[in-house]
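Worksheet for the structure shown next.
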Amino acid sequence: MNVKIKEYDYGECEICDTPMQEKYIKQDFWIRGELIVVEDVPAGVCPQCGEKIVRADVGQWIAKLIENS
């Protein structure tokens, strides 16, 4: 039995109104002069202009991850 996981609806891009698509991205952060790279972050990405957004729960998870590094 195949189970299909429903994608999150990121809505439309706030810059160009194009529907966002779910992708897994690499996100870079500079923390206290050190580069932190988080891979496979689920995000809404605009195929038109490249704008990226993450869900609130993903953002909170990343904040905790960075806090503990």
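Letter by letter, the sequence shown follows residues 0 to 68 of numbering that gives the first Met the number 0.
Virtual Cβ for every residue (Gly too), placed ideally from N, Cα, C.
Among residues of its own chain, excluding the 5 on either side of residue i, which ones have a beta-carbon nearer than 6 Å to its beta-carbon?
i: E38; result: K25
i: E50; result: C12 and I14
i: C48; result: I14 and C15
i: T82; result: Past the edges of the chain, shown from 0 to 68, lies residue 82, and the structure says nothing about it.
Excluding the five sequence neighbours on either side, which residues of its own chain have a C-beta within less than 7 Å of the C-beta of residue i, listed in chain order?
i: F67; result: The identity of residue 67 in the sequence shown is Asn, whereas the question assumes Phe. Once the five neighbours on either side are set aside, N67 has no close Cβ partner at all.
i: E21; result: E6, Y7, Y9, P41 and G43
i: V2; result: In this prediction, V2 has a pLDDT of 48, which is less than 50 and means its spatial position is unreliable; nothing more can be read from the coordinates.
i: M0; result: Unreliable placement is indicated for M0, whose pLDDT of 48 sits below 50; the coordinate value is still reported in the next sentence. None.
Answer yes or no: the CB of residue i versus the heavy atoms of the ligand FAD, is any distance below 7 Å?
i: R31; result: The model on display carries no ligand, and the ligand FAD is accordingly not part of it.
Whose C-beta lies closer than 8 Å to the C-beta of residue i among residues of the same chain, with five residues either side of it excluded?
i: I30; result: I65 and S68
Looking at the strands, I want to know which residues DSSP matches up with residue i.
i: Q20; result: V44
i: L34; result: W29
Please identify the residue among the options whose C-alpha is closest to the C-alpha of residue i.
i: V57; options: L34, Y23 and T17; result: Y23
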